[in-house]
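Trainee:
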Amino acid sequence: MSGSAAGRSEEMRRRSDERGRALLDALLEGRSEPGLAARAAIGLDLPEQGRYAVAVLRGGGGGPAGAAIQADGLWFFRQERADREVLVVALGDRDPAALATLLARWCPGAGGIGPVADGLSGLGAARRLAELALLTCPPGTAEVVRLEERLPAALLVSQPELSARLVADVFGPLLELDPADRALLVRTLDAWLECGGSAGRAAGRLYCHRNTVLNRLRRLERLTSRSLSRPRELIDMVLALDAFRLTAPQP
């Protein structure tokens with residue numbers, strides 16, 4: 059092939075890649091032009107109907123690079139957006155949980171994965187929900203989570219004004235404490251919840267006596283005017299804890 063022919067071929071390939079990326083961008087933005095998904099399927103050489111996942115990574119993935127790449131048996135299509143990286147993944151019959159494990163190895167920061175989209179036309183909604191999943195990762199963390207694992211927290215971050223009111227209403231007196239004292243009570247509540255409401259197991263995790271855990275929890279109940287033994291009030295406390303964790307400044 060002559061140099062000019064090779065150059066024309068390379069230019070055609072570059073333009074084709076650019077068109078494919080533009081079509082992928084349009085899908086991720088949720089545009090619903092007639093025939094858009096079909097044109098994208100041709101431009102990206104993907105089935106219009108199929109199982110796709112969208113992941114949004116904070117700070118970039120550090121893994122798959124370029125417009126499209128195959129890794130671990132999956133096809134990834136990568137788009138950069140400001141300080142975030144968006145990955146469209148052709149899942150085939152793979153479990154999204156396996157994708158989360160894979161991305162956790164690549165991503166230096168946090169990441170969110172939306173629900174599986176049944177076709178290219180669903181990428182816009184999957185991207186928006188992946189953004190919500192990412193917002194459930196507190197600042198400073200480096201975890202990759204699926205929306206299905208964080209639905210209550212996703213509800214909170216989707217309504218920031220109501221979340222702030224929830225924290226103020228439930229944790230108001232707690233917020234007035236010395237930061238170290240407040241952190242101790244919050245950490246105790248978190249450990250107790252993680253241990254299924256077992257004060258003994260929470261004490262082992264916190265390296266203190268079981269009675270110390272119980273005393274801290276009773277103090278927390280007095281401050282919040284809520285009982286951890288009443289299911290509805292416990293729900294208030296759990297949701298307020300999630301909202302507080304997502305909005306509290308990091309040390």
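Position one of the sequence shown corresponds to residue 59 (my numbering), numbered consecutively onward.
Beta carbons: idealized from backbone N, C-alpha and C, even for Gly.
As the structure is a prediction and not an experimental result, all values here were calculated from the model.
Looking only at C-alpha atoms, which of ALA175, GLN137, GLU201 sits nearest to LEU160?
Mentor: Among ALA175, GLN137, GLU201, the Cα nearest to that of LEU160 is on GLU201.
Trainee: Give the single residue among ALA84, ARG152, LEU286 whose Cα lies nearest to the Cα of GLY131.
Mentor: Of ALA84, ARG152, LEU286, the residue nearest in Cα terms is ARG152.
Trainee: Going by DSSP, name the residue or residues bridged to LEU145.
Mentor: In DSSP, LEU145 forms a bridge with ALA113, ARG136.
Trainee: When DSSP builds the beta bridges, which residues end up paired with GLY170?
Mentor: According to DSSP, which records beta bridges pairwise, GLY170 is partnered with VAL114, VAL203.
Trainee: Once DSSP output is grouped into helix, strand and coil, what is the label at ASP239?
Mentor: ASP239: helix per DSSP, three-state reduction.
Trainee: Does the structure place the stretch 185-195 close enough to the stretch 226-242 that three or more beta carbon pairs sit under 8 angstroms?
Mentor: No: the two stretches stay apart, fewer than three of their Cβ pairs being nearer than 8 angstroms.
Trainee: Among residues of its own chain, excluding the 5 on either side of ASP300, which ones have a beta-carbon nearer than 7 angstroms to its beta-carbon?
Mentor: Hits under 7 angstroms: PRO210, ALA211, LEU214.
Trainee: How big is the Cα-Cα spacing for ALA80 and ASP141?
Mentor: One C-alpha to the other measures close to 19 angstroms.
Trainee: May I ask you to list the residues that DSSP assigns as paired with ASP176?
Mentor: Paired residues: ARG109.
Trainee: Can you grab the Cα-Cα spacing for the pair ALA113 / VAL147, in whole Å?
Mentor: Approximately 8 angstroms between the Cα atoms of the pair.
Trainee: Would you call the CB atoms of LEU102 and LEU94 closer than 8 angstroms?
Mentor: Cβ distance not < 8 angstroms, so LEU102 and LEU94 don't count as in contact.
Trainee: Is it buried or exposed for PRO289, if we count other Cβ within 10 angstroms and need 16 for buried?
Mentor: Exposed is the call here.
Trainee: Short check: CB of LEU232 to CB of LEU243, under 8 angstroms?
Mentor: The answer is yes: Cβ separation under 8 angstroms.
Trainee: Below 8 angstroms on the Cβ atoms is my contact criterion, and I expect LEU115 with GLY169 to pass it. Report the Cβ-Cβ distance as a whole number of Å.
Mentor: Sure, about 4 angstroms apart at Cβ, within 8 angstroms.
Trainee: How long is the line joining the alpha carbons of GLN308 and PRO92, rounded to whole angstroms?
Mentor: Residue confidence for GLN308 is low, a pLDDT of 47 falling below 50, so the modelled location carries little weight; the figure read from the coordinates is stated next. Going from the Cα of GLN308 to the Cα of PRO92 covers about 46 angstroms.
Trainee: Pick from ILE127, GLU76, ARG185, ALA129: whose alpha carbon is nearest that of GLY88?
Mentor: For GLY88, the nearest C-alpha among the options comes from ARG185.
Trainee: According to DSSP, which residues form a beta bridge with ILE127?
Mentor: Answer by DSSP bridge pairing, in chain order: PHE134.
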